[in-house]
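Presented below is the structure to which this report refers.
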Amino acid sequence: MNPAEIRSFRNSLGLSRRDFAPKLYISEPTLERWERGQGAPRELHLRILNRMRESLGSGRPATYFQYDNVSDDIANESPIEDKQLVTETLKSMSIVLLSEEISKDGNDWLLSFSLGWKTVKPLNLLLACEGSKRPTNPVVDFILLITSNNIDSNRVREILPEICFNHGASWILSTKAKGGCQIKLKQRIFKTGINHETIKHVLGNLFSCWNKSKAYLSKVEGNK
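For the sequence shown, my numbering assigns the number 9 to the initial residue and increments by one for each residue that follows.
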């Protein structure tokens, strides 16, 4: 299936890249590159696409499609452990690993990193990354934690949708028990789309979110 055919098939389903990419177990940037002719689907993804075209060609909605055992196939294809790939890529970007937690069954992991990005008081910054070996959870999440002990969460809430929407990140805002707030900015990569370049792309998005957040939050703090 060539780039034009992939794009045409997606459009025939009425799906955006953001909605269609998860159905192929890839990230949105990976799908965009395929449609631009930059890189190509692996055999596994071609199999999914061809089965989709056969199953949905009669006008059925995308929800009709069944994956069978494709999750197991994807898990078995992973050439390098995701945790190792994340650690090596971030190390090459001078991002320091602080801690590593593994679940008792060895399937789930959580990494914490010190970013070294320029910050301003009273804001604290930390990067967390979590993933799993389970075929039912084929994603790696990158979470930027921004914490302040002084800023009212109500003054932050209004800016987060715009900051995150521009970079495809989701967000959670929580109020701390003793005042202040914590912001979680999250971006997700599907395992079949994770590589050094997509990890760097996600970090670039989070860095841009951070710069916009930092500028606004420091202004709010200064006006208190």
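Every residue, glycine too, gets a C-beta built ideally from N, C-alpha and C. The structure displayed is predicted, hence computed values, not measured ones.
For residue i, three-class secondary structure by DSSP
| i | result |
| --- | --- |
| K196 | A quick correction: the sequence has Arg, not Lys, at residue 196. Strand, per DSSP. |
| W125 | coil |
| N58 | helix |
| L105 | strand |
| L23 | coil |
| G14 | What sits at residue 14 in the sequence shown is Ile, not Gly. Three-state DSSP puts I14 in a helix. |
| I202 | coil |
| S111 | coil |
Contact belief for residue i with residue j at Cβ below 8 Å, rounded distance in angstroms
| i | j | result |
| --- | --- | --- |
| Q195 | N213 | 6 Å |
| D90 | K199 | 6 Å |
Where the alpha helix (DSSP H) containing residue i begins and where it ends
| i | result |
| --- | --- |
| L98 | D90 to S100 |
| E138 | Counting along the chain, E138 falls outside any alpha helix (DSSP H), though it belongs to the beta strand (DSSP E) covering L131 to S140. |
| T144 | Note, T144: premise wrong, no alpha helix (DSSP H); not H, not E. |
| N162 | S161 to R165 |
| P30 | No alpha helix (DSSP H) contains P30, which DSSP labels as neither H nor E. |
Cα-Cα separation, residue i to residue j
| i | j | result |
| --- | --- | --- |
| T97 | Q46 | 21 Å |
| F150 | Y224 | 22 Å |
| E43 | I34 | 13 Å |
| D76 | I103 | The predicted position of D76 is uncertain, since its pLDDT is 49 and thus under 50; a value taken from the coordinates is nonetheless stated next. Taking the straight line from one Cα to the other gives about 39 Å. |
| L32 | K208 | 21 Å |
| P143 | G188 | 38 Å |
| L181 | V210 | 20 Å |
| K192 | K99 | 22 Å |
| C137 | L105 | 10 Å |
Residue i: first and last residue of the uninterrupted beta strand (DSSP E) it sits in
| i | result |
| --- | --- |
| T183 | S178 to T183 |
| S156 | V147 to S156 |
Nearest residue (CA-CA) to residue i, options the options
| i | options | result |
| --- | --- | --- |
| N157 | N132, K99 and P49 | N132 |
| S216 | N203, E170 and K199 | E170 |
| I202 | G139, A177 and S182 | G139 |
| K184 | T155, T206, L211 and V210 | T155 |
| L39 | I159, V164, E108 and R18 | R18 |
| L54 | W117, W218, E36 and P11 | P11 |
| L52 | M9, L21 and D116 | M9 |
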